[in-house]
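Residue numbers (my numbering): 1 to 181.
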């Protein structure tokens, strides 16, 4: 007797996602979208995603298709715009302003696809005093005060760095929830 699960469609079946993310947060968010049935097309640079060297990247990129495009090539940008016309979701982890300067920012892509869901994951938002900071786990934990929450429990004074990348996981969950709601 076939199981009901095999006969059911997945919640995000029929949804197409263009994934420009690199690193943990965007990769985990798009992994979850793929796990729920979305077609995720990961756009990678010609040299490949630098995070492929991280063992977990094979887990984060499961179920995704991969397309190699040079974002500095105008033909590649035209191909991306064509892909975006049929995409339901675009997710990126560029520094603020980079997607716009490439011609693949929200305003440009929504002109062709007004119902496009566009998710930009940045460490400190698109504007403000820290928006231009490189967003990596340690800096985000330091700026948020999280490093000092556990100060002293290790038997020494000062900040205590967590083994778990909490900021990246929180960003991934926030992105996923924002996209599906």
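Backbone N, C-alpha and C fix where the C-beta goes; we use that ideal spot for every residue, glycine too.
So which of 144, 176, 181 has the shortest CA-CA distance to residue 188? Since the first residue shown for the chain is 1 and the last is 181, residue 188 is missing from the structure and cannot be characterised.
Our contact map puts residue 42 next to residue 66 with C-beta atoms below 8 Å; I'd like the distance itself, whole angstroms only. Working through the chain shown from its first residue, we reach residue 42 at position 42. Working through the chain shown from its first residue, we reach residue 66 at position 66. Separation of the CB atoms of residue 42 and residue 66 is rounded to 5 Å, and the pair is thereby assigned contact status at 8 Å.
Length of the line joining the Cα atoms of residue 102 and residue 175: Residue mapping note: residue 102 aligns to position 102 of the chain shown, counting from 1. Residue mapping note: residue 175 aligns to position 175 of the chain shown, counting from 1. So the two alpha carbons sit approximately 22 Å from each other.
Expressed to the nearest angstrom, what Euclidean distance is found between the alpha-carbon atoms of residue 110 and residue 52? On the chain shown, position 110 is the one that residue 110 refers to. On the chain shown, position 52 is the one that residue 52 refers to. In a straight line, the C-alpha of residue 110 is about 30 Å away from that of residue 52.
Under 7 Å, do residue 91 and residue 171 count as touching if we go by C-beta distance? Indexing the chain shown from 1 puts residue 91 at position 91. Indexing the chain shown from 1 puts residue 171 at position 171. Cβ distance not < 7 Å, so residue 91 and residue 171 don't count as in contact.
Ignore the nearest five residues each way along the sequence and tell me which others in residue 161's own chain have a CB closer than 6 Å to its CB. Locating residue 161 in the chain shown gives position 161, counting from the first residue. Cβ neighbours of residue 161 beyond the five flanking positions: none.
Taking the Cβ atom as the reference point for each residue, do residue 38 and residue 15 lie within a distance shorter than 7 Å? In the chain shown, residue 38 corresponds to position 38, counting from 1. In the chain shown, residue 15 corresponds to position 15, counting from 1. Going by C-beta atoms, residue 38 is nearer than 7 Å to residue 15.
C-beta contact flag for residue 85 and residue 107 at 7 Å: By 1-based counting over the chain shown, the position of residue 85 is 85. By 1-based counting over the chain shown, the position of residue 107 is 107. The answer is no: Cβ separation not under 7 Å.
Quick check on DSSP: helix, strand or coil for residue 102? Here residue 102 refers to the residue found at position 102 of the chain shown. The DSSP-derived three-state label of residue 102 is helix.
Report the residue from 60, 158, 23, 74 whose alpha carbon sits nearest the alpha carbon of residue 134. Residue numbering aside, residue 134 sits at position 134 when the chain shown is read from its first letter. Here the closest residue by C-alpha is 23.
DSSP puts residue 66 in a beta bridge; with which residues? Position 66 of the chain shown, counting from 1, holds the residue named residue 66. Answer is 42.
Proximity below 7 Å, CB of residue 18 to CB of residue 87: Position 18 of the chain shown, counting from 1, holds the residue named residue 18. Position 87 of the chain shown, counting from 1, holds the residue named residue 87. Taking 7 Å as the Cβ cut-off, residue 18 and residue 87 qualify as a contacting pair.
Quick one: give me the first and last residue of the beta strand (DSSP E) that residue 190 is part of. What is shown of the chain runs 1 to 181, which leaves residue 190 out entirely.
Which value, in whole angstroms, describes the spacing of the CA atoms of residue 105 and residue 152? Sequence index remark: in the chain shown, residue 105 carries index 105 (1-based). Sequence index remark: in the chain shown, residue 152 carries index 152 (1-based). Going by the C-alpha atoms only, they are around 44 Å apart.
For residue 91, write down the residues that DSSP places opposite it in a beta bridge. Against the chain shown, residue 91 aligns to sequence position 91. In the DSSP assignment, the residues bridged to residue 91 are 19, 119.
Can you tell me whether residue 77 is helix, strand or coil according to DSSP? Working through the chain shown from its first residue, we reach residue 77 at position 77. DSSP places residue 77 in helix when its eight states are reduced to three.
According to DSSP, is residue 156 part of a helix, a strand, or is it coil? Counted from its first residue, the chain shown places residue 156 at position 156. Of the three classes helix, strand and coil, the one that applies to residue 156 here is coil, per DSSP.
Report yes if the CB atom of residue 117 is closer than 7 Å to the CB atom of residue 163, and no otherwise. Taking the first residue of the chain shown as position 1, residue 117 is located at position 117. Taking the first residue of the chain shown as position 1, residue 163 is located at position 163. Inclusion of residue 117 and residue 163 in the CB contact set at 7 Å is not warranted, their separation being larger than that value.
Check each candidate in 76, 123, 71, 29 and name the one with the smallest Cα separation from residue 59. In the chain shown, residue 59 corresponds to position 59, counting from 1. Among 76, 123, 71, 29, the Cα nearest to that of residue 59 belongs to 29.
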